[in-house]
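Report on one structure; see the data block that follows.
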Amino acid sequence: QKEVEQNSGPLSVPEGAIASLNCTYSDRGSQSFFWYRQYSGKSPELIMSIYSNGDKEDGRFTAQLNKASQYVSLLIRDSQPSDSATYLCAVGNDMRFGAGTRLTVKP
Amino acid sequence: SQTIHQWPATLVQPVGSPLSLECTVEGTSNPNLYWYRQAAGRGLQLLFYSVGIGQISSEVPQNLSASRPQDRQFILSSKKLLLSDSGFYLCAWGQNIDTQYFGPGTRLTVL
Numbered sequence: 001q002k003e004v005e006q007n008s009g010p011l012s013v014p015e016g017a018i019a020s021l022n023c024t025y026s027d028r029g030s031q032s033f034f035w036y037r038q039y040s041g042k043s044p045e046l047i048m049s050i051y052s053n054g055d056k057e058d059g060r061f062t063a064q065l066n067k068a069s070q071y072v073s074l075l076i077r078d079s080q081p082s083d084s085a086t087y088l089c090a091v092g093n094d095m096r097f098g099a100g101t102r103l104t105v106k107p
Numbered sequence: 001s002q003t004i005h006q007w008p009a010t011l012v013q014p015v016g017s018p019l020s021l022e023c024t025v026e027g028t029s030n031p032n033l034y035w036y037r038q039a040a041g042r043g044l045q046l047l048f049y050s051v052g053i054g055q056i057s058s059e060v061p062q063n064l065s066a067s068r069p070q071d072r073q074f075i076l077s078s079k080k081l082l083l084s085d086s087g088f089y090l091c092a093w094g095q096n097i098d099t100q101y102f103g104p105g106t107r108l109t110v111l
């Protein structure tokens with residue numbers, strides 16, 4: 001069974017802080033990794049994809065991948081209240097999703 | 001640009017009634033299409049995916065079925081709904097095998 005695990009949270013950070021979201025996966029053969037943001041009652045929207053070990057930055061978002069440790073993370077710098085949402089990790093060509101981490105950014 | 005539509009946005013149905021949810025994609029051709037279900041407070045469960053007209057792969061045995069009568073149309077159906085079918089149904093499209101983009105979703109409540 002291919003598993004994707006995320007801490008359900010809620011994770012609460014103050015405005016302006018760095019939010020760190022983590023995801024682990026069980027399938028060592030996975031080659032593609034995605035982070036989606038889902039606002040309450042809305043559909044997920046793609047934030048970032050990452051395929052190689054290391055960091056990938058896009059604006060305030062940085063995805064980090066460590067295939068040896070089977071670990072992918074998302075850092076959100078200068079967190080804003082508008083970042084408050086559930087963040088979903090998806091792994092592999094068959095897009096296995098974690099249950100998501102709920103992030104709250106407090107003003 | 002590509003857009004994806006789903007309807008209806010919300011639906012309340014009695015147990016045992018039939019279901020038909022529709023998804024259409026604009027601005028692309030021969031997309032991969034997907035149906036997901038998200039139960040309250042849980043992650044996304046892939047139900048069906050399609051790589052072409054008439055080609056449907058099922059991920060989870062259940063009382064749901066899917067059809068793709070046209071290139072950019074994907075339909076999710078049931079002959080008899082169960083209480084456990086309640087959830088948020090999401091259609092997604094992708095041009096590559098991995099990256100997917102989601103529609104607005106249909107919130108289904110089975111009473």
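Residue numbers (the numbering used here), protein chains in the order written: chain B, 1 to 107; chain Y, 1 to 111. The beta-carbon is built from N, C-alpha and C at its ideal position, and this holds for glycine as well. Note that this is a predicted model, so its numbers are computed, not measured.
Which listed residue (the options) has its alpha carbon closest to that of residue i
| i | options | result |
| --- | --- | --- |
| residue 59 of chain Y | Y/49, Y/7, Y/104, Y/11 | Y/49 |
| residue 92 of chain Y | Y/46, Y/53, Y/17 | Y/46 |
| residue 83 of chain B | B/1, B/4, B/7, B/14 | B/14 |
| residue 94 of chain B | Y/7, Y/103, Y/32, Y/89 | Y/32 |
| residue 55 of chain B | B/37, B/97, B/45, B/67 | B/67 |
| residue 24 of chain Y | Y/85, Y/35, Y/15 | Y/35 |
Contact with chain B by residue i, beta-carbon distance below 8 Å
| i | result |
| --- | --- |
| residue 95 of chain Y | no |
| residue 102 of chain Y | yes |
| residue 109 of chain Y | no |
| residue 11 of chain Y | no |
| residue 106 of chain Y | no |
Residue-chain proximity (residue i, chain Y), Cβ-Cβ < 8 Å
| i | result |
| --- | --- |
| residue 81 of chain B | no |
| residue 97 of chain B | yes |
| residue 74 of chain B | no |
| residue 88 of chain B | yes |
Whole-number beta carbon distance between residue j and residue i, since they are thought to touch under 8 Å
| i | j | result |
| --- | --- | --- |
| residue 76 of chain Y | residue 64 of chain Y | 6 Å |
| residue 73 of chain B | residue 20 of chain B | 6 Å |
| residue 70 of chain Y | residue 53 of chain Y | 7 Å |
| residue 38 of chain B | residue 86 of chain B | 5 Å |
Inset, instruction - Pull out every residue of the stretch 13-42 of chain Y whose Cβ sits closer than 7 Å to any Cβ of chain B, in chain order. - result: 42
Inset, instruction - List in chain order: all unbroken alpha helix (DSSP H) runs of 4+ residues lying wholly within the stretch 36-68 of chain Y. - result: none
Inset, instruction - Could you run through the stretch 44-65 of chain B and flag, in chain order, every residue whose CB is less than 8 Å away from some CB of chain Y? - result: 44, 45, 46, 49
Legend entry - Chain-ordered residues of the stretch 71-93 of chain Y with a beta carbon less than 7 Å from chain B: 90
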